[in-house]
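Only one structure is covered here, and it is reproduced in the block below.
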Amino acid sequence: MVKEIEASLLELNNVVTYINDTLPENVIVFLRGDLAAGKTTLTQAIAKARGIEAEVTSPTFSLQQCYANDLYHYDLYRLEHEEFMQLGLFEEFEKSGWHMVEWGSDALKTFLEGVGYNVILIEIEANENSRTYRITS
Numbered sequence: 046m047v048k049e050i051e052a053s054l055l056e057l058n059n060v061v062t063y064i065n066d067t068l069p070e071n072v073i074v075f076l077r078g079d080l081a082a083g084k085t086t087l088t089q090a091i092a093k094a095r096g097i098e099a100e101v102t103s104p105t106f107s108l109q110q111c112y113a114n115d116l117y118h119y120d121l122y123r124l125e126h127e128e129f130m131q132l133g134l135f136e137e138f139e140k141s142g143w144h145m146v147e148w149g150s151d152a153l154k155t156f157l158e159g160v161g162y163n164v165i166l167i168e169i170e171a172n173e174n175s176r177t178y179r180i181t182s
């Protein structure tokens with residue numbers, strides 16, 4: 046199933062509400078989009094909606110940030126599938142909650158789906174004054 050939502054930054058709560066209402070309790074969310082498309086911004090909005098008051102930033106150099114209320118945020122920009130597995134990060138997906146993955150490879154997504162994880166894809170396309178969010182489950 047694919048759901049497409051167009052929203053400005055001021056309307057981002059509409060996207061978050063849809064995601065909160067439709068995504069299961071435990072899920073891995075692959076966030077796809079060009080640089081500055083809004084992947085981290087969406088994760089920040091989700092964190093805020095979940096009552097997380099900590100600053101949510103892209104985990105570019107740390108690879109992973111863990112937040113309260115079962116929210117995990119990954120940035121795998123420079124990490125290949127094999128490196129991800131060697132670092133033992135795969136085991137992090139065993140934790141309950143939402144795992145927001147920026148720049149995850151197709152190989153990792155296919156692997157996770159193959160071993161039974163619930164994986165959702167959110168593609169973000171930047172438009173002039175808004176973003177298009179394509180949510181595939």
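The numbering of the sequence shown is this note's numbering, which starts it at 46 and goes up by one.
Built from N, CA and C at the ideal position, the CB exists for glycine as well.
Look at M145 here: in three-state DSSP terms it is strand.
Distances from the CA of Y112 to each of Q131, E98, R123, D120 were compared; the closest alpha carbon is that of E98. For G149 and G96, the gap between their C-alpha atoms comes out near 26 angstroms. Here the C-alpha atom of F138 lies approximately 26 angstroms from the C-alpha atom of N58. In its chain, beyond the 5 residues on either side, A90, I91, A94 have a beta carbon closer than 7 angstroms to the beta carbon of V61. Taken in chain order, the complete alpha helix (DSSP H) segments of 4 residues or longer contained in the region 55 to 94 are 57 to 67, 84 to 94.
L166 sits in a strand when the DSSP states are folded into three classes. Rounded to whole angstroms, the Cβ separation of V146 and Y119 is 5 angstroms, and the two are in contact under 8 angstroms.
The beta carbons of S53 and N172 sit no closer together than 7 angstroms. In this model, H144 and Q131 are separated by some 19 angstroms (Cα to Cα). Between I73 and V164, the CB-CB gap stays under 7 angstroms.
Residue burial annotation: K84 is buried, with at least 16 other C-beta atoms found within 10 angstroms of its C-beta. For D120, the enclosing beta strand (DSSP E) covers residues 116 to 120.
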